[in-house]
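Residue numbers (this note's numbering): 106 to 429.
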Amino acid sequence: MKFTSLPEAYSSFREPLLYAFDTQSSREQEVEIKITNKTTGELLGTKRLYGVTKGEVDIAPYLRSAAKVSLPERITSCGEVDTGAQIRVQVSANGTTSSTRNFIAAKVDLDAYFLSLTTQHLHRTMAHDEFDLISFYSYPDIVVEVVVEFFGKGTDRITIAPGSGGQRVVAVTALGREWADQMRVTIMVDGEAETVYDYDIKSNLRGARRIAWLNDWLAPELYTFPLRKSVLIEAARKRMESIWGREAGAAERENELKLISAYEPQMQIEALSSILSTPKAWLVKGCELQRVEITTERVMPAKCGQMGIIEVDIRAAEEGVKLW
């Protein structure tokens, strides 16, 4: 028994991952395939083939079921974050084991040495107690460091060294540095500056709401919508009050919200539009997250020259839970 072909390391588990084998026997036999998470030791699945001398199995469906890509409920410091977008796997066939492979959520050019998985613009704004997430793919043989610098009434600098290779996420925040009014995050690849993010650290407008979601790479994005409105929600509430009573109307109002972006360049509007196809989204309050659902079915950007805005409707993911 031997494996004749394996998927390339860091391939996406959202596409077929075919393991081919040969029993090295002319006699047909039963072959049991086992897929194991080598990080946790968990058996992810088994598949049994009958009357074969050779064959192949696609393990991607097992990995998609096992890899629960998500965000932690709370982030309070700068550092690497595990979103579950990478899984380390070994496959066995009748006891013969394959070499271990890492597979990721994002589909990337595997010849690339580094790729940013964040689609929004590089100049960003957030409050002192909020965080941002920066996601990237890197080839395992290169060294990536994330340098975070704080400026204001004082200065500070920290360096984050994420794990080597694959799909990685780093959290950055000015929490605990209330004196800072600017932050710069530099992604260093083999000692050279690859990408620079500049942040203005300032308080949000009263009606602002910050949203996190997973983009098409299943990498996290965050954006602060500066405005919210409740015109449609208020109308729905009044109709409900007339039929079911005031209490039901109030609950509907508390669990739905319409958010309006700032006027943004077209490229940023396109990046924000990925929120419509996201499998998961969160409302962010400070450094804590609350699951929400995006109820907007399509975005109709309102254009003003080269600038535009979008509106997004959200509601609490869990029935009866009040939005922050």
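We treat Cβ as the ideally placed atom computed from N, Cα and C, and that holds for glycine.
On a predicted model such as this, the values are computed, not experimentally measured, just so you know.
Residue i - containing beta strand (DSSP E), residue span
i      : result
GLN411 : Taken as a continuous stretch (DSSP letters only), GLN411 belongs to no beta strand (DSSP E), as it is neither H nor E.
ALA198 : 191 to 198
LEU364 : 361 to 365
ARG179 : Here ARG179 belongs to no beta strand (DSSP E), and DSSP marks it neither H nor E.
PHE108 : 107 to 110
DSSP-derived helix/strand/coil call for residue i
i      : result
LEU149 : strand
SER374 : Looking at the sequence itself, residue 374 is Ile, so the reference to Ser does not match. ILE374 falls in the helix class under three-state DSSP.
LEU319 : strand
LEU123 : strand
ASN309 : coil
LEU327 : strand
ALA356 : Since pLDDT at ALA356 reaches only 42, below the 50 mark, its modelled position is unreliable, and no value is offered.
ILE209 : strand
LEU332 : strand
SER379 : helix
ALA217 : coil
GLN225 : coil
GLN272 : strand
GLY296 : coil
SER243 : strand
THR188 : coil
VAL174 : coil
LEU128 : Checking the displayed sequence, the identity of residue 128 turns out to be Thr instead of Leu. Here THR128 sits in coil by DSSP.
THR144 : coil
VAL162 : strand
Beta-bridge pairing of residue i - partner residues as DSSP gives them
i      : result
GLN134 : VAL157
LYS427 : DSSP, once it has assigned bridges, lists no residue as partnering LYS427.
VAL397 : ALA386 and ALA421
ASP264 : In the sequence as presented, Asp is not what sits at residue 264; that position holds Thr. BP columns for THR264 point to VAL252.
PHE236 : THR278
GLN287 : PHE256 and ASP305
GLU113 : The partner list for GLU113 (beta bridge, DSSP) is empty, contrary to what the question assumes.
LYS139 : THR151 and SER197
THR202 : SER197
Nearest-angstrom beta carbon gap, residue j and residue i [assumed within contact, 8 Å]
i      : j      : result
GLU393 : ILE265 : Between ILE265 and GLU393 the Cβ distance is about 21 Å, and since that is not below 8 Å, they are no contact.
VAL174 : LEU310 : 31 Å between Cβ atoms; not a contact.
MET288 : PHE255 : 5 Å
ALA190 : ALA210 : 4 Å
GLN195 : THR201 : Contact flag wrong, Cβ pair sits at about 11 Å.
LEU377 : TYR302 : Between TYR302 and LEU377 the Cβ distance is about 17 Å, and since that is not below 8 Å, they are no contact.
Endpoints, the alpha helix (DSSP H) within which residue i is located
i      : result
ARG169 : 165 to 171
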